[in-house]
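Here is the structure we will look at.
Number of protein chains: 2
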Amino acid sequence: MEVIVPFAAQRPKTRLRDVLAPEERRSFAEAMLADVLIALRGTDFDPHVLATEPLDLEVGTTVDDRRLTTAVNAALAAAEPSPEAPVGVVMADLGLATPDALSLLDPDGKADLLLTPGRGGGTNALVTKHPGFRVDYHGASYLDHLQSARALGATVREVDSYRLSTDIDERQDLVELLLHSDGAARDWLVDAGFDLDIDEGRLGVVREG
Amino acid sequence: MEVIVPFAAQRPKTRLRDVLAPEERRSFAEAMLADVLIALRGTDFDPHVLATEPLDLEVGTTVDDRRLTTAVNAALAAAEPSPEAPVGVVMADLGLATPDALSLLDPDGKADLLLTPGRGGGTNALVTKHPGFRVDYHGASYLDHLQSARALGATVREVDSYRLSTDIDERQDLVELLLHSDGAARDWLVDAGFDLDIDEGRLGVVREG
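If you read the sequences in order, they're chains A and B.
Basically our numbering = 1-based index in the first sequence + 18.
Basically our numbering = 1-based index in the second sequence + 18.
Below is the structure:
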């Protein structure tokens, strides 16, 4: 199955601006992309990066500098998903992704659409077999995608994975990466001076230096 | 498999104090407990509530007014888990739990211990077959539990579920309940005036007065 991995190379991870400088955000985002691609290499899927500018990667890359929703929909229209040729879309900031977790996106089932919720109403990963399905990543995308599926008469299966539901967008998300990853993005954070902040309730992060 | 569901009846959900009054927090916590017990009823497991005071429930309840870690460890010691008689512990605030998600805690495997991470370093659900394993819910419990397992020579399998990893502790967690549940706790929130707050980035919640 072809899996599209969109990557916003310009100004990525703006919601980490309170803890990372612009060049750091870019470098950190590239480390997460590398982790996602390594995890995908451990699956049966065939990843393809959709980036806003050319990147130096070992996997095939299409450059499209339009906004995320527009670029992904153009790629879906070009791929013409069908039950015989399903297409996946996996976000590049799933820093906890593993081959096992990604393999939950198994298209061998009855559902026309697999949706993996992201925290806060997002859609972190999906698989479509329906040629007419289009994404809308603005706002409450999970609800919008459910509604689009209903409008198309497409059946939906929710993919239940903590690892795939954890997109790394905000300071608090860095805790999950420090705790549950051993990839390049975690190493990047440790090298940048981040550590767990053990207090009451949930853990936080601190940055030294 | 026996599954212990600990419930703190006194002063539950203190980290929701900015959005819920004390009596509301108790009532909301009881709605989540009811949802967890209904979801467990859809599994092969045998739930047993461990509460800090007597409750009016249809499932067996043990009253132990000590702190969470102490009470759960006393229950584990009494249950004497073994490979033939594994014992589960599932938090009462897993408002997104479904029978399918809970069934991932399937003890039929080689691992001595199944651990389900909670956001922020917690342990939202576990299964133990090892008579010597004890919990420590204070601080970074997931790391502590991994360390205890290592010390015992017990093998660990991580259970990867967004639904089980989402404990409802803080204001932002209410978003997940509003989006992905149709249980009593979600109804409670809607009746109390909560609604999704659709803005940029992740969704939030608002409460109307």
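Ideal Cβ placement from N, Cα and C applies to all residues, glycine included.
Does the distance from the CB of Leu207 of chain A to the CB of Leu197 of chain A come in under 8 Å? For the purposes of this step, residue 207 of chain A is taken as the residue at position 189 of the first sequence. For the purposes of this step, residue 197 of chain A is taken as the residue at position 179 of the first sequence. No, the pair does not count as a contact, with Cβ atoms beyond the cut-off.
Quick check on Arg204 of chain A: buried or exposed, where buried means 16 or more other Cβ atoms within 10 Å of its Cβ? As a first step, residue 204 of chain A must be located in the first sequence, where it is residue number 186. Answer is buried; the Cβ neighbour count reaches 16.
At a CB distance below 9 Å, what residues from the segment 176-189 of chain B approach chain A? Give them in sequence order. Glu176, Val177, Asp178, Ser179, Tyr180, Arg181, Leu182, Ser183, Thr184, Asp187, Glu188
Between A:Arg43, A:Val81, A:Val23, which lies nearest to Asp187 of chain A when the distance is taken from Cα to Cα? Working through the first sequence from its first residue, we reach residue 187 of chain A at position 169. Looking at the Cα atoms, A:Arg43 is the closest of the given residues.
Quick one: complete alpha helix (DSSP H) runs, 4+ long, within the segment 158-206 of chain B? 159-170, 180-183, 191-198
Proximal chain A residues relative to Ala119 of chain B, where beta-carbon distance stays under 8 Å: Working through the second sequence from its first residue, we reach residue 119 of chain B at position 101. What Ala119 of chain B touches in chain A: Asp178.
Quick check: is the beta carbon of Leu197 of chain A nearer than 8 Å to any beta carbon in chain B? Counting from one through the first sequence, the residue named residue 197 of chain A turns up at place 179. Leu197 of chain A counts as touching chain B.
Could you name the residues of chain A that Val223 of chain B contacts, counting a contact when the two beta carbons are closer than 9 Å? Numbered from its first residue, the second sequence carries residue 223 of chain B at position 205. Ordered by position in chain A, no residue passes the 9 Å Cβ test against Val223 of chain B, which lies about 11 Å from the chain.
Candidates B:Thr173, B:Tyr180, B:Phe212: which alpha carbon is nearest Leu192 of chain B's? For the purposes of this step, residue 192 of chain B is taken as residue 174 along the second sequence, with counting starting at 1. If we check each option's Cα against that of Leu192 of chain B, B:Phe212 comes out closest.
Mind the definition here: the segment 66-84 of chain A touches the segment 125-137 of chain A only if three or more C-beta pairs lie below 8 Å; say whether that holds. no
When we look at the beta-carbon of Pro65 of chain B and count the other beta-carbons within 10 Å, is it buried (16 or more) or exposed? Locating residue 65 of chain B in the second sequence gives position 47, counting from the first residue. With 16 or more Cβ atoms within 10 Å of its Cβ, Pro65 of chain B is classed as buried.
Check whether the segment 163-176 of chain B touches the segment 100-111 of chain B, taking contact to mean three or more Cβ pairs, one atom from each stretch, closer than 8 Å. no
For the beta strand (DSSP E) holding Pro65 of chain B, just list the boundary residues, first then last. Translated into positions along the second sequence, residue 65 of chain B becomes position 47. Start and end: 64-69.
Would you please verify whether the beta carbon of Ile56 of chain A is less than 8 Å from any beta carbon of chain B? Taking the first residue of the first sequence as 1, we reach residue 56 of chain A at position 38. Not one chain B Cβ lies under 8 Å of Ile56 of chain A.
In whole angstroms, what separates the C-alpha of Leu58 of chain B from that of Gly201 of chain B? Position 40 of the second sequence, counting from 1, holds the residue named residue 58 of chain B. Position 183 of the second sequence, counting from 1, holds the residue named residue 201 of chain B. Each residue's Cα considered, the two are about 13 Å apart.
So, do the segment 44-56 of chain A and the segment 135-151 of chain A have three or more beta carbon pairs nearer to each other than 8 Å? no
According to DSSP, simplified to helix, strand and coil, what is Phe25 of chain A? In the first sequence, the residue the question calls residue 25 of chain A occupies position 7. The answer is strand: DSSP assigns Phe25 of chain A an E or B state.
Near the ligand HEM: Val174 of chain B beta-carbon under 7 Å from a heavy atom: Absent from the structure shown: the ligand HEM. Ligands present: none.
Output yes if chain C places a C-beta closer than 8 Å to the C-beta of Ala110 of chain A; else output no. The chain inventory of the structure shown lacks chain C, comprising the protein chains A and B.
Where do the ends of the beta strand (DSSP E) carrying Thr87 of chain B lie? Counted from its first residue, the second sequence places residue 87 of chain B at position 69. No beta strand (DSSP E) contains Thr87 of chain B, which is instead part of the alpha helix (DSSP H) from 86-97.
Considering only C-alpha positions, which residue in the set B:Arg220, B:Val107, B:Asp118 is nearest to Val145 of chain B? As a working note, residue 145 of chain B is residue 127 in the second sequence. Minimum Cα distance to Val145 of chain B is reached at B:Val107.
Please identify the residue among A:Leu122, A:Ala158, A:Arg181, A:Arg175 whose C-alpha is closest to the C-alpha of Met19 of chain A. For this step, residue 19 of chain A is matched to residue 1 along the first sequence. With distances taken between Cα atoms, Met19 of chain A lies closest to A:Leu122.
Residue of A:Asp215, A:Gly157, A:Arg175 minimising C-alpha distance to Gln190 of chain A: Here residue 190 of chain A is taken as the residue at index 172 of the first sequence, counted from 1. Residue A:Asp215 is the option with its Cα nearest to Gln190 of chain A.
Does chain B have any CB closer than 8 Å to the CB of Arg137 of chain A? Your numbering for residue 137 of chain A matches position 119 in the first sequence. Yes - at least one Cβ of chain B is within 8 Å of the one on Arg137 of chain A.
Cβ shell of Ser183 of chain B (< 8 Å), same chain only, five flanking positions each side left out: As a position in the second sequence, residue 183 of chain B is number 165, starting the count at 1. Counting only Cβ-Cβ distances below 8 Å, and skipping sequence neighbours, we find Thr134, Pro135, Gly136, Arg137, Asn142.
N-terminal and C-terminal residue of the beta strand (DSSP E) that Arg225 of chain B is part of: By one-based count along the second sequence, residue 225 of chain B stands at place 207. Run containing Arg225 of chain B: 222-225, per the beta strand (DSSP E) assignment.
Could you check whether the Cβ of Gly60 of chain B sits closer than 8 Å to any Cβ belonging to chain A? Indexing the second sequence from 1 puts residue 60 of chain B at position 42. Not an interface residue.
For Val193 of chain B, return the contacting residues in chain A, with the cut-off set at a CB-CB distance below 7 Å. As a working note, residue 193 of chain B is residue 175 in the second sequence. What Val193 of chain B touches in chain A: Gly138, Gly139.
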